[in-house]
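So the protein sequences, as listed, match chains E and A. Note that our numbering has the first sequence beginning at 1, numbered continuously upward. Note that our numbering has the second sequence beginning at 117, numbered continuously upward. A short worksheet on the structure shown next.
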Amino acid sequence: AQSVTQLGSHVSVSEGALVLLRCNYSSSVPPYLFWYVQYPNQGLQLLLKYTSAATLVKGINGFEAEFKKSETSFHLTKPSAHMSDAAEYFCAVSDPFTGGGNKLTFGTGTQLKVEL
Amino acid sequence: ETGVTQTPRHLVMGMTNKKSLKCEQHLGHNAMYWYKQSAKKPLELMFVYNFKEQTENNSVPSRFSPECPNSSHLFLHLHTLQPEDSALYLCASSQGGTVYNSPLHFGNGTRLTVT
């Protein structure tokens with residue numbers, strides 16, 4: 001079965017600093033990978049997805065992620081953190097099954113705190 | 117109205133009550149999902165429906181009963197719940213069929229508290 005591991009349940013950065021949130025995956029097939037963000041009292045919002053077209057994927061709000069097969073990683077970055085980026089971030093991998101739809105397996109999440 | 121809408125946003129129920137959660141999507145999708153989000157645990161997939169047919173039941177207790185009358189609506193019927201069932205219940209939708217690169221679109225969830 002596919003799985004993802006997010007290293008660091010809490011990450012704290014200063015406003016304007018680089019954001020790096022780590023995700024490593026385990027997959028028996030070429031993976032489809034996703035990053036989602038969850039703000040308090042809301043559902044999950046898609047930031048970006050990797051579907052094998054390009055290894056560097058750009059998403060919304062200035063985030064991007066790079067797929068590295070050799071490292072089985074899909075880390076999320078943003079050059080300059082903003083206070084509004086404070087939220088919980090989830091990495092997810094598609095778990096192929098024949099039933100139809102797209103089962104996603106999620107990591108445990110990383111809470112990002114942005115400090116002045 | 118666009119996206120995925122869940123009602124109610126908050127629900128408090130006793131262990132002997134019966135209640136239902138509702139989800140509606142306006143994205144033209146054909147797959148719908150229920151996820152459970154508990155504190156300090158990964159999101160747990162509960163059910164998957166593809167073109168109104170249930171294709172996944174992730175060993176969910178029978179006190180949770182899903183219903184999908186059409187591709188736009190999904191319900192989760194609740195009865196005789198336990199306090200440990202208190203959580204945020206998230207509905208999502210995506211393209212139907214075996215489209216593994218199709219992202220899920222989530223509603224804002226129903227915060228359920230069982231007393």
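Where a beta carbon is used, it is the ideal one built from N, C-alpha and C, also for glycine. Note that the coordinates shown come from a computational prediction; the quantities given were computed from them, not determined experimentally.
query                                                                                                                          : result
C-alpha gap between A/Ser130 and A/Lys152, whole angstroms                                                                     : The sequence given here places Gly at residue 130 of chain A; Ser does not occur at that position. Using only the alpha carbons, I get a separation of about 19 Å.
A/Leu127 at chain E interface by Cβ criterion, 8 Å                                                                             : no
is_contact[A/Leu228, chain E] using C-beta, thresh 8 Å                                                                         : no
Simplified DSSP assignment, three categories, for E/Glu15                                                                      : coil
Contact the segment 98-114 of chain E vs the segment 149-167 of chain A: 3+ CB pairs below 8 Å                                 : yes
Per-residue burial, A/Asn146 [other beta carbons within 10 Å of its own, 16 or more giving buried]                             : buried
Chain E contact for A/Gly223 (CB, 8 Å cutoff)                                                                                  : yes
Length of the line joining the Cα atoms of A/Lys156 and E/Thr55                                                                : 31 Å
Below-8 Å beta-carbon distance, A/Val176 vs any chain E residue                                                                : no
A/Glu172: contacting residues in chain E (beta-carbon distance under 8 Å)                                                      : Phe97, Gly99, Gly101, Lys103
Helix, strand or coil at E/Met83 according to DSSP, with G and I counted as helix                                              : helix
Spatially closest choice to A/Ser181 from A/Ser188, A/Asn217, A/Gln170, by CA coordinates                                      : A/Gln170
Per DSSP, the bridge partner or partners of E/Lys78                                                                            : E/Val19
Interface flag, E/Tyr32 vs chain A, CB-CB below 8 Å                                                                            : yes
Identity of the residue in A/Thr231, A/Asn224, A/Val230 nearest A/Arg125 by Cα                                                 : A/Asn224
Cα-Cα separation, E/Gln38 to E/Leu112                                                                                          : 11 Å
Beta-carbon contacts of A/Ser202 that lie in its chain and below 7 Å, excluding the five residues immediately before and after : Leu228, Thr229, Val230
Cβ contact check for the segment 5-14 of chain E and the segment 61-74 of chain E: 3 or more pairs under 8 Å                   : no
Chain E contacts made by the segment 202-218 of chain A, where a contact means CB separation under 7 Å                         : Leu206, Ser210, Gly212, Gly213, Thr214, Val215, Tyr216, Asn217, Ser218
Beta-carbon neighbours of E/Lys58, restricted to chain A and to distances below 9 Å                                            : Here the premise fails: no neighbours, minimum Cβ distance about 15 Å.
Per-residue DSSP class, three states only, for A/Pro185                                                                        : strand
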